[in-house]
Amino acid sequence: MTKNRNLVIVGDSAFAEIAREYFDADSEYRVAGFAVEAAYLKRTELHGLPVVAFEELERCFPAVDHEIFVAVVYTQLNRLRTRLAQAAKARGYRLASFVSPRAFVWRNVTIGEHCFVFEDNTVQPFVSIGENVVLWSGNHVGHHSVIEANCFVASHVVISGFCTIGASSFLGVNATIANNVRVGRDNWVGPNVAVMKDTADGALLKTEQPEPARVSAPRFFKVPA
2 MTKNRNLVIV
12 GDSAFAEIAR
22 EYFDADSEYR
32 VAGFAVEAAY
42 LKRTELHGLP
52 VVAFEELERC
62 FPAVDHEIFV
72 AVVYTQLNRL
82 RTRLAQAAKA
92 RGYRLASFVS
102 PRAFVWRNVT
112 IGEHCFVFED
122 NTVQPFVSIG
132 ENVVLWSGNH
142 VGHHSVIEAN
152 CFVASHVVIS
162 GFCTIGASSF
172 LGVNATIANN
182 VRVGRDNWVG
192 PNVAVMKDTA
202 DGALLKTEQP
212 EPARVSAPRF
222 FKVPA
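Residues in the sequence shown are numbered from 2 upward in steps of one, following the working numbering.
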């Protein structure tokens, strides 16, 4: 694949490493380097590429010929990723997206800027995905559903048909959203949670953890002579 666009990845964590692999293997982007806010800059190189202070992006990677992808996970309900993306855009950088060619995305799906869709996602007809959304691998997004801006969807999540996922929400591994359900803004839906009805903004949903089993001390019996 021809590499005709330059990209800087903001972040140097595991997600940044993974994003670099995907952009390198399956996109037209050439990853030129990484950037981290100066207060968290602890190294100058990652995988042979420079790591620079986010505050000094223009000096090393001018906006005129570099785009940005912020590879930060759901810290602060995705607000950290949102803040960095908005800051880069305000400084004149275009925001890049990645949709894996190994994902199934129907032809009339709309996807906003600065999204990352991993492999094995199924996104059915008439779905709308807002800006700054991450769909990790293996999710199902049902027809006519809406994922609003700044959401992070972990792996193997099922979003059924005609659902709405409110802005800045997180859906944990194996979560299930039933048909016609609206998940409110700023929701944190934990792993394995089944959401069967609408939720309020700011809801924290998690499965009840069972009490640990109590194990009695072994009993020793004297064997009769």
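Virtual Cβ for every residue (Gly too), placed ideally from N, Cα, C.
A distance below 7 Å separates the beta carbons of Val124 and Val142. The shortest CA-to-CA distance from Gly167 to any of Val174, Phe24, Ile178 is the one to Ile178.
The beta-bridge partner set that DSSP reports for Pro51 consists of Glu46. Sixteen is the threshold: since fewer than 16 other Cβ atoms of the shown chains lie within 10 Å of the Cβ of Asp202, the residue is exposed. A direct Cα-Cα distance of roughly 29 Å separates Met197 from Thr83. Three or more Cβ pairs drawn from the region 125-136 and the region 93-111 lie within less than 8 Å of each other, which places the two stretches in contact. With a beta-carbon spacing of about 5 Å, Val135 and Phe153 fall inside the 8 Å limit used to define contacts.
With 16 or more other Cβ atoms inside 10 Å of its own Cβ, Ala176 counts as buried. With a cutoff of 7 Å on beta-carbon distance, Ala33 and Val11 are scored as not near each other.
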